[in-house]
Amino acid sequence: DGLSFHVRDTRLIYRDRRAPSELQIELTRAEIVPDGQRLRVDLDGALNSQPLRVTGSTATLAQLIAAEGSVPIDLSGVALGVKIDAEGELAYPETGVAMDATFGVAGDSLAGLRPWIGDALADGGPVRASVALQGVGQTIDISSLDIELGKRRLRGKMSARFAEVGTVRVRD
Numbered sequence: 620d621g622l623s624f625h626v627r628d629t630r631l632i633y634r635d636r637r638a639p640s641e642l643q644i645e646l647t648r649a650e651i652v653p654d655g656q657r658l659r660v661d662l663d664g665a666l667n668s669q670p671l672r673v674t675g676s677t678a679t680l681a682q683l684i685a686a687e688g689s690v691p692i693d694l695s696g697v698a699l700g701v702k703i704d705a706e707g708e709l710a711y712p713e714t715g716v717a718m719d720a721t722f723g724v725a726g727d728s729l730a731g732l733r734p735w736i737g738d739a740l741a742d743g744g745p746v747r748a749s750v751a752l753q754g755v756g757q758t759i760d761i762s763s764l765d766i767e768l769g770k771r772r773l774r775g776k777m778s779a780r781f782a783e784v785g786t787v788r789v790r791d
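Sequential numbering from 620 applies to the sequence shown in this note's numbering.
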């Protein structure tokens with residue numbers, strides 16, 4: 620996996636013909652380079668004129684394409700005013716390989732997501748969310764779910780079993 624990706628001073632604009640929203644990605648610097656058995660990720664720029672920063676590592680391109688075993692992920696960053704973290708091992712359900720990962724989101728508000736989530740959630744106040752996923756094969760357990768938006772809080776856990784592609788059965 621000697622493939623490296625380097626981009627400097629690039630702008631990408633996505634316009635949806637069905638909706639008036641637009642997504643602008645400006646990359647001051649983007650580097651995705653091999654680092655042992657992982658790809659090192661280092662992005663710096665703006666997403667809809669708000670700071671975008673992502674650093675960390677993930678699986679090599681060969682691991683991602685093979686869809687076998689687990690996919691390591693260790694990424695953190697800031698996008699649309701929200702801090703994002705992802706760490707652990709993900710796996711494709713059909714492999715039967717165990718996965719164990721945590722994801723977190725924190726920020727003063729969701730205002731940067733307004734075009735996609737609407738005013739009510741965007742103006743909801745500070746946000747903090749974390750979720751822990753574990754599973755093997757077709758079953759994924761969310762052992763810890765904790766979401767705070769302003770004064771509202773949702774906590775819990777659940778298990779999902781994927782019976783076939785496109786079907787999800789959820790039980791409490």
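Idealized CB from N, CA, C, for every residue including glycine.
Rounded to whole angstroms, the separation of the alpha carbons of Asp765 and Ala686 is 30 Å. DSSP, read as helix, strand or coil, puts Gln757 in coil.
Distance check between Glu645 and each of Asp742, Ala698 and Thr679 places Ala698 closest, using alpha-carbon atoms only.
Judged by DSSP in its simplified three-state form, Thr679 adopts coil rather than helix or strand. Judged by pairs of C-beta atoms under 8 Å, the region 705-725 touches the region 734-748, as three or more such pairs exist. Excluding residues up to 5 positions away in sequence, Pro653 and Leu680 lie with their Cβ nearer than 8 Å to the Cβ of Leu622 in the same chain. Note on geometry: alpha-carbon atoms of Gly737 and Leu729 lie some 10 Å from one another.
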